[in-house]
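First up is the structure itself, then whatever we jot down about it.
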Amino acid sequence: MFDASVGLNHYLLLSVLLFVIGVAGVIFRRNAIIMFMSIELMLTSVNLTILAYSRYLGDHTGHVLVLFVFAVAAAEAAVGLAILVELFRKRDTVDVDRFRQLME
Amino acid sequence: MSWTELSYIAPILWLVAGGVVVLLLEAFVPRRDSDHLSIVSAVFLVLAGLSANTGLVRTSQSLFHGVLRADAFGSFFALIFVIIGLLTVSLGAVYLRRQSTPMPEFYVLVLFATAGMMLLASSTDLVSVFLSLELMSIGVYVLAAIERNSSRSQEAGFKYLILGAFASAFLLYGIALIYGTTGTTQFEVLGARMGGNAALAGNLVFWAGWGLIIVGVGFKVAMVPFHQWTPDVYAGAPAPVAGYMAAGVKAAAFAVLVRLIWTGMPLLMDKAAPLLMGFAIVTMTFGNIVALAQSNLKRMLAYSAIAHAGYLLVGVLAISGHADDAATRGILFYLAAYALMNIGAFGAVTFVSRRRGERSELAGFAGLARRHPWVSFFLAVCMFSLAGVPPTAGFWGKFYVFGAVIQQGMVGLAVIALLNSAVAAYYYLRVVVYLYMREPGEDAYIGDDVQASAAIGVAAILLLWIGLFPSSVLELARLGAAALARTF
């Protein structure tokens, strides 16, 4: 099904790696834009898992799911960036450590 | 796809149609008349409620090749969501009237997000679970941030979105792993493949998938340790939205969690029970202890929402998988009561709030009973119900859930939950003490809005009515639980 040198596990490992990088980005980076990018990276790595499985299983559900994930990720990014722009206008920063008005 | 199938999802179609209609009308109706749009939205919600009730209750029909299921479980939740939606729209209208620029988008988002909740409660496929969860969540992200002049609201929306998107990535990864290891996303097929499959029972990737799904759902229900967003978001979002989130999002997330647990019975429960038990105990204890120290009603309700997620998880642990399952019935009843009391309590904050800034400090509620005896009475009913004092719906919710837990032989867990409820009574009743027994201070709150007090009144009267006559709601909850038993 795949090239002899690249099998299902390679795809899965790569996507675990990308997912972990994304998680680390959300947790350790304080720039809101980079946090968004990291979330996109997480979703993309999941897409890779789904597609690898879908191909491996010979089943089309995964393909459809990936298309839906694209759409959802786009909607989430649109809403997120819109809120961030509003927030930036008021606070003049995208550093999430400065978004702590609610914690007081 | 056939007309019959479409007629089964009529409530969802009404809501989506309503959302589109209001969105279009908004372009023509002058902004200062946007109040009328709340009436249009309410009409569509009522239509959705009427169509949820007719003919659906006793059927259990798989729709669109197993993506959704029309059954009593879904229609029970559809009715809850319609009531939540109606109360939110009416409190939202009060809130929007006070804004300098009214934002009729509020109604559109409530309609779409409510449609997402209904879809979530009837989803029987992991793909539709993900999509409806996002339909609900994205709407609520925007609702939390809807107050454009308030950087607090913006911050709440932003935090909810970042953490929500983060959690849905985990949920999606879980879906991917379950799909990969079982080759299906449909609940029924999944349940069949899990039954007596020794290879699957030992497959770590498969269980990692379930774990990630529980993380994703746990975030939405504010389960400790995935709760960090809750206090900030509830405190920053406008009060009607916070009530909508507390009531609707939690009910929808628990609906899908219960369906998933039923799907994976009994294998999933064997594996997940110790973990879920730990989460349940930590969640309710943490929520209650931190809530004791809160001096702001909205923050207190946020921690109480965490504690209630713990009680509900205790109920989830007691799901037995037998026909006529007492725990599922209890959870459905509890969620109906919980939705009403939260909307009522957040409604009181809407009632006393002003154009500039929300007012939710507990001290401001001191002596409210002298100026607003009715609103104070309604708020007190909500507080008694949250504390689980009879004769309110909250008492019966706790009674049925904890009763099912004891039936399952988990007496220790029931005792911990009861001790927690006793601790919780302190901070709920403190609100009542403020209302009735404290002298009003200089900056004591006053409200003037009839519509807001009517909405709180409806919630409180329903709580009392369900508390005095629990049998009708219990019968609906029993039908809902029985529908699950028939499917799986």
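From first to last, the protein sequence lines are chains A and B. For the first sequence, this note's numbering assigns the number 1 to the initial residue and increments by one for each residue that follows. For the second sequence, this note's numbering assigns the number 1001 to the initial residue and increments by one for each residue that follows. The C-beta atom is built at its ideal place from N, Cα and C for all residues, glycine as well.
Within chain B, the residues whose beta carbon sits less than 7 Å from that of methionine 42 of chain A are Ala1169, listed in sequence order. Contact annotation: in the region 1130-1164 of chain B, residues whose CB is within less than 8 Å of a CB in chain A are Phe1130, Leu1131, Glu1134, Ile1138, Tyr1141, Val1142, Ala1145, Arg1148, Ser1151, Arg1152, Gln1154, Glu1155, Ala1156, Gly1157, Phe1158, Lys1159, Leu1161, Ile1162.
Rounded to the nearest whole angstrom, the C-alpha separation of alanine 1323 of chain B and alanine 1393 of chain B is 25 Å. Of the residues assessed, arginine 30 of chain A falls on the exposed side of the cut-off, its CB having fewer than 16 other CB atoms within 10 angstroms. For the 9 Å CB-CB criterion, methionine 1245 of chain B and glycine 1310 of chain B do not form a contact.
Taking leucine 1484 of chain B as reference, the option from B/Thr1328, B/Val1022, B/Gly1441, B/Gly1397 with the minimal CA-CA separation is B/Thr1328. Residues of the same chain with a CB within less than 8 Å of the CB of leucine 1131 of chain B, apart from the 5 flanking positions on each side, are Leu1119 in chain order.
For isoleucine 33 of chain A, no Cβ of chain B is located within less than 9 Å of the residue's own Cβ. The contact set of isoleucine 21 of chain A on chain B, defined by CB atoms closer than 8 Å, is empty, because the minimum CB distance reaches about 12 Å.
Of all residues in the region 57-74 of chain A, only Leu57, Asp59, Thr61, Gly62, Val64, Leu65, Phe68, Val69, Val72 come within less than 8 Å of chain B when Cβ atoms are compared, listed by chain position. The beta-bridge partner set that DSSP reports for alanine 1070 of chain B consists of B/Gln1061.
When C-beta distances to chain A are compared with 9 Å, every residue of the region 1064-1083 of chain B stays at or above that value. Under the three-state reduction of DSSP output, asparagine 9 of chain A falls in the helix class. In this chain, the alpha helix (DSSP H) harbouring tyrosine 1179 of chain B covers 1151-1182. In the displayed model, serine 1132 of chain B falls within a helix according to three-state DSSP. Residue pairing by DSSP places aspartate 1125 of chain B opposite B/Gln1186 in a beta bridge. The residue among B/Ser1062, B/Tyr1338, B/Leu1368 with its C-alpha nearest the C-alpha of phenylalanine 1077 of chain B is B/Tyr1338. Counting the other Cβ atoms within 10 Å of the Cβ of tryptophan 1396 of chain B gives 16 or more, which makes it buried. Within the region 1103-1129 of chain B, Val1127 place their CB atoms closer than 7 Å to a CB of chain A, listed in sequence order. Here DSSP, grouped into helix, strand and coil, assigns aspartate 1443 of chain B to coil. Rounded to whole angstroms, the separation of the alpha carbons of alanine 1169 of chain B and leucine 17 of chain A is 14 Å. Put simply, the backbone Cα of glutamate 1439 of chain B is about 6 Å away from that of alanine 1366 of chain B.
Per DSSP, reduced to three states, the secondary structure at glutamate 40 of chain A is helical. Here the alpha carbon of leucine 1163 of chain B sits roughly 26 Å from the alpha carbon of valine 1089 of chain B. Proximity to methionine 1269 of chain B across B/Thr1283, B/Gly1211, B/Pro1240 peaks at B/Gly1211, based on C-alpha coordinates.
With three or more CB-CB distances shorter than 8 Å, the region 1350-1366 of chain B counts as touching the region 1438-1458 of chain B. Of the candidates B/Leu1015, B/Ala1010, B/Tyr1428, B/Tyr1428 places its Cα closest to the Cα of leucine 1301 of chain B. Taking C-beta separations shorter than 7 Å and ignoring five residues to either side along the sequence, the partners of arginine 1152 of chain B in its chain run Gly1236, following chain order. Among the residues facing chain B, leucine 14 of chain A is not included, as its CB has no counterpart in that chain under 9 Å away. Membership of phenylalanine 88 of chain A in the alpha helix (DSSP H) is indicated by the continuous run 61-91. Contact fails between the region 1246-1263 of chain B and the region 1017-1030 of chain B, because fewer than three Cβ pairs, one in each stretch, are under 8 Å apart. Here aspartate 95 of chain A carries a strand assignment [DSSP, helix/strand/coil]. For the region 1237-1259 of chain B, the set of residues with a beta-carbon nearer than 7 Å to any beta-carbon of chain A is empty. Around the beta carbon of tyrosine 1141 of chain B, 16 or more other beta carbons sit within 10 angstroms, so the residue counts as buried.
Its Cα nearest to that of leucine 1172 of chain B, the residue A/Glu40 stands out among A/Glu40, A/Asp59, A/Asp95.
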